[in-house]
RNA sequence: GGCGGGGUAGCCAAGUGGUAAGGCAGGGCUCUGCAAAAGCCUUAUGCGUCGGUUCAAUUCCGACCCUCGCCUCCA
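Residue numbers (the working numbering): 116 to 593.
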């Protein structure tokens with residue numbers, strides 16, 4: 116079974132074949148955050164999707180080189196730096212730190228490379244120079260440099276690879292910035308923006324004068340620097356298809372670093388948006404949740420991760436608090452099954468033959484092979500959970516089989532990244548264990564008034580008693 | 001206006017030319033001193049509407065309705 120991905124370039128499913136002739140190394144670049152504010156949960160959907168892809172690639176035996184950039188210089192950031200009378204670094208650093216804390220909280224593995232735009236100015240300048248030398252970019256009077264789509268097309272390139280474009284239909288931007296009056300054509304975009312007084316201290320020297328990079332150029336410069344002029348996978352949110360990714364292709368291929376017949380990126384993958392009450396979650400609409408908002412409501416990172424991973428990445432997904440409650444219950448079902456398996460397995464070695472769990476990894480892998488069909492993958496997991504529960508209830512499962520089931524789960528959970536859940540049994544404070552024992556004695560003596568009082572006392576301390584066939588156990592509430 | 005997605009049970013969400021995965025919620029049952037928790041079972045004659053093709057369509061084709069996104073900063 117091979118991995119198939121939906122490539123935005125062809126608008127169809129394609130078999131994933133890495134550029135690496137050995138079929139081992141895979142370069143993937145994911146457009147990361149612009150650190151002008153806290154990222155919202157919609158932003159994180161894309162990063163969790165990227166994390167799933169990276170984990171699945173590794174699970175499938177590839178060596179993933181995962182790059183995620185941090186855009187730490189951009190119009191909005193500069194505005195705020197100025198408004199707060201601070202420096203670029205002082206402004207962005209806390210948001211960047213918060214971003215990675217959030218990413219970790221959501222169970223995402225840290226990308227292998229995290230380049231910052233401000234640390235790649237030399238590469239950016241170099242790339243712009245290459246474009247100027249090839250006649251695809253031009254400097255205007257104020258010192259800004261623009262990419263010429265006309266020259267690019269004249270050179271035989273196609274602009275509009277990721278989507279159909281009708282140049283006559285391109286709506287004239289109502290917000291054509293006043294500092295872009297030198298452009299030859301409305302569709303041309305800035306590679307380098309000349310320094311203006313409002314930029315304050317945010318500028319770098321360049322052959323065209325002081326200024327700063329345009330929005331799209333940093334991704335081209337950093338991805339090609341770290342992954343080479345041609346690499347396998349580039350992902351981002353669907354709103355980046357145009358103009359950001361289209362422009363990246365133009366800049367990167369226009370500079371001509373690729374070997375003949377090679378493209379900048381082989382597979383483009385785009386994640387759909389998170390919706391809130393049917394509308395795109397966005398800063399401008401104000402209908403967004405940050406991770407902090409949700410943690411503040413008592414939800415955990417893994418519950419949020421689970422919800423984000425419950426729907427296919429190419430479908431827009433309605434994010435609700437009810438959904439989050441559902442995620443909690445669903446995860447609880449998995450956690451409880453794992454806990455029962457753990458109790459049963461004890462220190463037993465895994466069974467060598469295990470019909471119960473043998474199909475789990477294959478089922479999940481097969482589902483994910485189909486363009487990361489997580490919904491189907493979870494269906495496989497939940498069917499397995501039910502089978503395990505049934506077998507345990509019927510006492511048809513040996514400790515060895517339980518151990519093997521746990522091993523099977525741990526293997527596929529390296530892909531889902533949900534962790535094994537809180538092993539609450541292990542962390543019960545001794546005094547509460549003593550109370551539990553007291554309650555058992557009271558029950559034995561049929562002193563239910565006392566046993567119920569102890570139960571209430573435990574509940575007041577945030578612990579719930581679960582009476583099971585194997586005796587009572589304590590579970591932390593919420 | 002141009003382009004691209006969607007419309008599947010109360011909610012979320014897979015999927016298929018051959019008769020509807022999974023999760024949540026609901027209902028029933030088991031366990032229990034009672035309860036809770038947990039578990040098991042159950043829940044769409046139906047897949048936006050209307051036509052067409054076919055032995056057979058939710059799945060293909062056409063029209064229409066609704067909805068979301070991109071075309072402007074944006075995951």
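Glycine included, every Cβ here is placed at the ideal spot set by N, Cα and C.
Item to check | Identity of the residue in 588, 468, 213, 137 nearest residue 455 by Cα | outcome: Of the candidates 588, 468, 213, 137, the residue whose Cα lies closest to the Cα of residue 455 is 588.
Checklist entry - Which value, in whole angstroms, describes the spacing of the CA atoms of residue 515 and residue 450? => result Taking the straight line joining both Cα atoms gives about 19 Å.
Checklist entry - Which residue spans inside the segment 393 to 467 form an unbroken alpha helix (DSSP H) run of at least 4? => result Within the segment 393 to 467, the complete alpha helix (DSSP H) runs of at least 4 residues fall at 406 to 411, 416 to 423, 436 to 460.
Checklist entry - Taking just the CA atoms, how far does residue 124 sit from residue 276? => result Their Cα atoms are separated by approximately 6 Å.
Checklist entry - Hey, out of 519, 502, 530, whose CA is closest to residue 481's CA? => result Its Cα nearest to that of residue 481, the residue 530 stands out among 519, 502, 530.
Next on the checklist: Can you find the residues in the same chain that come closer than 6 Å, C-beta to C-beta, to residue 558, ignoring five residues on each side of it along the sequence?
Outcome noted: The residues 566, in chain order, have a CB closer than 6 Å to that of residue 558 in the same chain once the five nearest residues on each side in sequence are set aside.
Checklist entry - How long is the line joining the alpha carbons of residue 471 and residue 586, rounded to whole angstroms? => result Distance between the alpha carbons of residue 471 and residue 586: 26 Å.
Checklist entry - Skipping 5 residues on each side, what residues in its chain have a beta carbon closer than 6 Å to that of residue 443? => result If we look at residue 443 and ignore the five residues flanking it on each side, its Cβ neighbours are 418.
Checklist entry - In chain order, which alpha helix (DSSP H) runs of at least 4 residues are fully inside the segment 302 to 335? => result Taken in chain order, the complete alpha helix (DSSP H) segments of 4 or more residues contained in the segment 302 to 335 number zero; there are none.
Checklist entry - Going by beta carbon distance, what residues of the same chain come within less than 8 Å of residue 70, once the five residues before and after it are set aside? => result Past the boundaries of the shown model lies residue 70; the chain is included only from 116 to 593, so the question cannot be answered.
Checklist entry - Contact between the segment 372 to 379 and the segment 212 to 221: three or more CB pairs below 8 Å? => result At 8 Å Cβ cutoff, the stretches do not touch.
Checklist entry - Looking at the structure shown, is residue 188 part of a helix, part of a strand, or coil, going by DSSP? => result Of the three classes helix, strand and coil, the one that applies to residue 188 here is coil, per DSSP.
Item to check | residue 321 and residue 367 closer than 8 Å at C-beta | outcome: Not closer than 8 Å, so no.
Next on the checklist: Taking the beta carbon of residue 191 as the centre, do at least 16 other beta carbons fall within 10 Å, making it buried, or is it exposed?
Outcome noted: So residue 191 ends up on the exposed side.
Checklist entry - By the 10 Å Cβ neighbour count, where 16 or more other Cβ atoms means buried, how is residue 289 classified, buried or exposed? => result Its pLDDT being 39, under 50, residue 289 is placed unreliably by the model, and nothing is read from it.
Checklist entry - Which term fits residue 312, buried or exposed, when burial requires 16 or more other beta carbons within 10 angstroms of its beta carbon? => result Exposed: under 16 other Cβ atoms inside 10 Å.
Checklist entry - Assuming residue 428 contacts residue 164 under a Cβ cut-off of 8 Å, what Cβ separation, rounded to an integer in Å, is found between them? => result Your pair residue 428 and residue 164 checks out as a contact, with CB atoms roughly 4 Å apart and the cut at 8 Å.
Item to check | Distance, residue 228 Cα to residue 194 Cα | outcome: The straight-line gap from Cα to Cα measures roughly 28 Å.
Checklist entry - Which residues share a DSSP beta bridge with residue 591? => result Residue pairing by DSSP places residue 591 opposite 578 in a beta bridge.
Checklist entry - Which value, in whole angstroms, describes the spacing of the CA atoms of residue 421 and residue 363? => result If you take the alpha carbons of residue 421 and residue 363, they lie about 32 Å apart.
Checklist entry - To which residues of the same chain is residue 351 closer than 7 Å at the C-beta, ignoring the five residues directly before and after it? => result Excluding positions up to five away in sequence, the list reads 145, 146, 161, 360, 385.
Checklist entry - Which residues share a DSSP beta bridge with residue 383? => result Beta-bridge pairing links residue 383 to 349.
Checklist entry - In terms of alpha-carbon separation, which member of 440, 314, 341 lies closest to residue 189? => result Of the listed residues, the one whose Cα sits closest to residue 189 is 314.
Checklist entry - Considering only residues of the same chain and omitting the five flanking positions on each side of residue 493, which have a CB-CB separation below 7 Å? => result Counting only Cβ-Cβ distances below 7 Å, and skipping sequence neighbours, we find 425.
Checklist entry - Where does residue 516 sit, in a helix, a strand or coil, going by DSSP? => result Here residue 516 sits in helix by DSSP.
Next on the checklist: Between which two residues does the beta strand (DSSP E) holding residue 260 run?
Outcome noted: Counting along the chain, residue 260 sits inside the beta strand (DSSP E) bounded by residues 260 to 262.
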